[in-house]
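Just below is one structure, and these are the notes that go with it.
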Amino acid sequence: MERTCCPSYTIRLRAADFIPSKEQLRVSRRMQRFLDGALDITKPVEPIEGPNSSKDDISSLSGNEVSSSFTKESLPSNNETNNEAEQVLHYLSDQIDNAVRLCKESGEFIYNIQLPKSSVKKVLPAKRKILVEGSEDLLYSSNISFQIAAAIRRAQSCDNHELRQSRHSAEENELSPKVIAEKLASSLSQPIKTSNLLIRACNGHINFYSPGSQLSSNESVQTTASKSAAGHASKKQCLKNSEQPLGKGRRLEIYLKRSCFDPEEFSLYKKYQIKVHKDTPDHVTESSYRNFLVHTPLVFVPPTGDGTVPRCGFGSFHQQYVIDGRLVAVGVIDILPRCLSSKYLFWDPDFASLSLGKYTALQEIGWVRENQVHCPTLQYYYLGYYIHSCSKMRYKAAYHPSELLCPLRYQWIPFHIVRPLLDRKPYVVLSDFATLKNGESSPPPVSEDFIETQQFDVHQDSNDLGVEMIDPEYGSSDDEPCLESSDVVSIEGEDGDISDILIEFNGSRQRYKDRQEACGATGGGYLGSLESQLHRYMKVVGAELSKRMVFSVGWF
Numbered sequence: 001m002e003r004t005c006c007p008s009y010t011i012r013l014r015a016a017d018f019i020p021s022k023e024q025l026r027v028s029r030r031m032q033r034f035l036d037g038a039l040d041i042t043k044p045v046e047p048i049e050g051p052n053s054s055k056d057d058i059s060s061l062s063g064n065e066v067s068s069s070f071t072k073e074s075l076p077s078n079n080e081t082n083n084e085a086e087q088v089l090h091y092l093s094d095q096i097d098n099a100v101r102l103c104k105e106s107g108e109f110i111y112n113i114q115l116p117k118s119s120v121k122k123v124l125p126a127k128r129k130i131l132v133e134g135s136e137d138l139l140y141s142s143n144i145s146f147q148i149a150a151a152i153r154r155a156q157s158c159d160n161h162e163l164r165q166s167r168h169s170a171e172e173n174e175l176s177p178k179v180i181a182e183k184l185a186s187s188l189s190q191p192i193k194t195s196n197l198l199i200r201a202c203n204g205h206i207n208f209y210s211p212g213s214q215l216s217s218n219e220s221v222q223t224t225a226s227k228s229a230a231g232h233a234s235k236k237q238c239l240k241n242s243e244q245p246l247g248k249g250r251r252l253e254i255y256l257k258r259s260c261f262d263p264e265e266f267s268l269y270k271k272y273q274i275k276v277h278k279d280t281p282d283h284v285t286e287s288s289y290r291n292f293l294v295h296t297p298l299v300f301v302p303p304t305g306d307g308t309v310p311r312c313g314f315g316s317f318h319q320q321y322v323i324d325g326r327l328v329a330v331g332v333i334d335i336l337p338r339c340l341s342s343k344y345l346f347w348d349p350d351f352a353s354l355s356l357g358k359y360t361a362l363q364e365i366g367w368v369r370e371n372q373v374h375c376p377t378l379q380y381y382y383l384g385y386y387i388h389s390c391s392k393m394r395y396k397a398a399y400h401p402s403e404l405l406c407p408l409r410y411q412w413i414p415f416h417i418v419r420p421l422l423d424r425k426p427y428v429v430l431s432d433f434a435t436l437k438n439g440e441s442s443p444p445p446v447s448e449d450f451i452e453t454q455q456f457d458v459h460q461d462s463n464d465l466g467v468e469m470i471d472p473e474y475g476s477s478d479d480e481p482c483l484e485s486s487d488v489v490s491i492e493g494e495d496g497d498i499s500d501i502l503i504e505f506n507g508s509r510q511r512y513k514d515r516q517e518a519c520g521a522t523g524g525g526y527l528g529s530l531e532s533q534l535h536r537y538m539k540v541v542g543a544e545l546s547k548r549m550v551f552s553v554g555w556f
């Protein structure tokens, strides 16, 4: 890390804390328009800025939902169709808020806390089977029950006497998202009948259905609801309704399958590598593809049904994105007990304007959030390695709030803390600045002396540095010359005496003091660099342990 020109840091995101950026919202809007049939990607398109993501409300990622909201200025104000669709969503949201208020007044919810406002999303035709098996008539959905349950849990964890007085009914039966959704759906059933919508609670979601399959999302439901919602001023425009009838839209399907060789996937991979990365056809072989993205050291762990393993199991997977039967992208991922790790993505260059890399990342974040319900240990989304000096990797830090792993002490440090440091120098011991997250607004200036201690000898091979445990008796060989203490210069610094550290080079091991004696005056340059390394090494592992371990250096 200290010697390479491009230090790489592991980067991750806590999925529950994800905050979408404006750029990420644009990507989802564009995909939505394409699926609705309102966007023809064969025409010249305005390039999307930056690489990755989208979304206005984080709940729109749940269940792989592709819809999103965006600011009013992004859409012409005279678009009557979108205004009508927006009124429908506002009307349904208001009805849910009224039901929440009634539940609070009746004592079913804690009264003296502020509960979140509801948000209703339109469900794409392609997602209806995924969200609710066997139903093709699902039009809208809200995940407000999950937000209310979280707010109540936070309130119940407090010791505030006033809260304890008001939460008597909530303590009798834990208010899970599923229970809350059922209560709200029951309260909503009467008012919504006037809008020709059917309501059902499903796994914590409040779903709104059309009475029959002939009813489209732009028919009488919108007309009735928009009349009831007249007078509501819109702060946001929703792109959930189609600009063309749904019959002319496109169908997006997402499949998750275990890692295996698929000829169709390999064909797409080859096309991607040749057109995007300019690889030669001879270079993109089936064997290299198998070794790169199919073979895996992970052993598949099947689901157990007890909440410790998600329904898909643990292991390596390929997530396929299919539009109207055409494979357009494949995400290669590892699903582990605590995270989903994104390994690679390849996509159809014909769909480059849809920013599939960003879009699929959003879907993967949404997958983590959704499956936390079934497997609570799943919390993080890993984006592989991050290289600050590589512009093509900057997009990874655009998923807020991300963290980088300190390669020295293996501590996770918020990216916003270390970014100013990485802007100045490619390698920094990130954990040295961990305390900044506890209140300081900006990192202290990085002195040149500190930066200099972060650099190794540029002539050393970056892959030859290592440390291994040895027995205490291994110390030194009987064949080595026994030196008088007066013949050896004791190298002491603020971190202690490093002369007894055991180092390995060219297959042999000896104490640093012996190596210094052997090199004499001719080794001043590289010994000076090595001495700096050893001081940091001792600081990390401690003086006692440093004498019992081998510090391996591959070049002198």
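Residue 140 in full-length UniProt numbering is what sits at position 140 of the sequence shown, and the numbering runs on without skipping anything.
Note that the Cβ used here is the ideal one computed from N, Cα and C, for glycine as well.
Here the structure is a predicted model, which means the values were calculated and not measured.
Residue ranges of each alpha helix (DSSP H) run of no fewer than 4 residues wholly in the region 522-549, ordered along the chain?
With a minimum length of 4 residues, the continuous alpha helix (DSSP H) runs that stay inside the region 522-549 are 524-541, 543-546.
Excluding the five sequence neighbours on either side, which residues of its own chain have a C-beta within less than 8 Å of the C-beta of Asp279, listed in chain order?
Contacts found: Gln273.
First and last residue of the alpha helix (DSSP H) that includes Arg33?
Arg33 -> alpha helix (DSSP H) spans 22-36.
Helix, strand or coil for Lys358, going by three-state DSSP, please let me know.
Reduced to three states, the DSSP call for Lys358 is helix.
Which residue's Cα is closest to the Cα of His318: Thr304, Gly366, Pro337, Glu265?
Taking His318 as reference, the option from Thr304, Gly366, Pro337, Glu265 with the minimal CA-CA separation is Glu265.
Is it the case that the Cβ atoms of Lys117 and Tyr140 are separated by a distance below 8 Å?
No, they are not a contact pair.
How about Ser142 and Tyr359: do their beta carbons lie closer than 8 Å?
Here Ser142 is not near Tyr359, since their CB atoms are 8 Å or more apart.
Give me the Cα-Cα distance between Val21 and Tyr395, rounded to the nearest whole angstrom.
The question names Val, yet the displayed sequence has Ser at residue 21. Roughly 11 Å separates the two Cα atoms.
First and last residue of the uninterrupted alpha helix (DSSP H) at Cys260
Looking at the DSSP string, Cys260 is not in any alpha helix (DSSP H), and its letter there is neither H nor E.
Whether Leu298 touches Ile11 by CB criterion (8 Å):
Their beta carbons are not under 8 Å apart, which means Leu298 does not touch Ile11 by this criterion.
What would DSSP say about Ser442, mapped onto helix, strand or coil?
Its pLDDT being 44, under 50, Ser442 is placed unreliably in this model, and the coordinates cannot settle the point.
Do you know offhand how far His232's Cα is from Gln87's?
Confidence at His232 is low in this model, with a pLDDT of 38, below 50, so its placement is unreliable and the value that follows should be read with caution. Roughly 7 Å between the two C-alpha positions.
Pro414 by DSSP, collapsed to three states: which one?
Strand.
What span of residues does the beta strand (DSSP E) with Ala329 cover, start to end?
For Ala329, the uninterrupted beta strand (DSSP E) run begins and ends at 326-335, by DSSP.
Buried or exposed: where does Phe146 fall if 16 or more other Cβ atoms within 10 Å of its Cβ makes it buried?
If you draw a 10 Å sphere on the C-beta of Phe146, you find 16 or more other C-beta atoms in it, and that means buried.
In angstroms, rounded to a whole number, what distance separates the CA positions of His416 and Phe18?
Distance from the CA atom of His416 to the CA atom of Phe18, rounded to whole angstroms, is 14 Å.
Collapsed DSSP secondary structure at His400 in the structure displayed
In the structure shown, His400 sits in a strand (DSSP, three-state: E or B).
For Tyr537, count the other beta carbons within 10 Å of its own beta carbon; 16 or more makes it buried, fewer makes it exposed. Which is it?
With 16 or more other Cβ atoms within 10 Å, it is buried.
Distance check for Tyr91 and Ala225, CA to CA, integer angstroms please.
The predicted position of Ala225 is uncertain, since its pLDDT is 38 and thus under 50; a value taken from the coordinates is nonetheless stated next. Rounded to whole angstroms, the gap between the alpha carbons of Ala225 and Tyr91 is 6 Å.
Should Pro381 be labelled buried (16 or more other beta-carbon atoms within 10 Å of its own) or exposed?
It is worth fixing the name first, because residue 381 is Tyr in this sequence and not Pro. Tyr381 is buried by the Cβ-count criterion.
Let me make sure I understand the geometry here. Which of Ile501, Arg3, His400 has the alpha-carbon closest to that of Ser24?
First, the amino acid is wrong: residue 24 is Gln here, not Ser. For the options Ile501, Arg3, His400, the alpha carbon positioned closest to that of Gln24 is the one of His400.
Is Ile206 helix, strand or coil when you go by DSSP?
Ile206: strand per DSSP, three-state reduction.
Which residue or residues does DSSP assign as beta-bridge partners of Glu86?
Beta-bridge partners of Glu86 (DSSP): none assigned.
Touch test, the region 330-340 against the region 369-380, Cβ-Cβ under 8 Å, three pairs minimum
As far as the Cβ criterion goes, the region 330-340 touches the region 369-380, which means the pair count is three or higher.
Of the choices Ser267, Arg409, Trp412, Asp282, whose alpha-carbon is the least far from that of Phe346?
With distances taken between Cα atoms, Phe346 lies closest to Ser267.
What residues are listed by DSSP as bridge partners for Lys122?
Lys122 pairs with Tyr140.
Can you list, in chain order, the residues of its chain with a C-beta nearer than 8 Å to that of Val322? Leave out the 5 residues immediately preceding and following it.
Closer than 8 Å at Cβ, skipping near neighbours: Leu252, Glu253, Ile254, Tyr255, Val328.
Alpha carbon to alpha carbon, what distance is there between Cys519 and Ile501?
For Ile501 and Cys519, the distance between alpha carbons rounds to 16 Å.
Starting from the C-beta of Phe34, find all residues in its chain whose C-beta is less than 8 Å away, skip the five residues before and the five after it, and write them out in chain order.
These residues qualify, in order along the chain: Ile41, Arg250, Leu354.
How about Lys178 and Asn207: are their beta carbons less than 8 Å apart?
A distance of 8 Å or more separates the beta carbons of Lys178 and Asn207.
Exposed or buried, which one is Glu108 when buried takes at least 16 other CB atoms within 10 Å?
Classification for Glu108: buried.
Per DSSP, cross-strand counterpart(s) of Ala201:
DSSP, once it has assigned bridges, lists Ile206 as partnering Ala201.
Same chain, Cβ closer than 7 Å to Asp159, neighbours up to 5 away in sequence not counted:
For Asp159, the predicted model reports a pLDDT of 45, less than 50, meaning its position is unreliable and no value from the coordinates is stated.
For Cys339, which three-state DSSP category applies?
Three-state DSSP puts Cys339 in a strand.
Take the Cβ of Gly357 as the centre, count every other Cβ of all protein chains shown within 10 Å, and call the residue buried at 16 or more, exposed below.
That one is buried.
Locate the alpha helix (DSSP H) running through Gln319, then write down its first and last residues.
That residue, Gln319, is in no alpha helix (DSSP H); its beta strand (DSSP E) goes 315-323.
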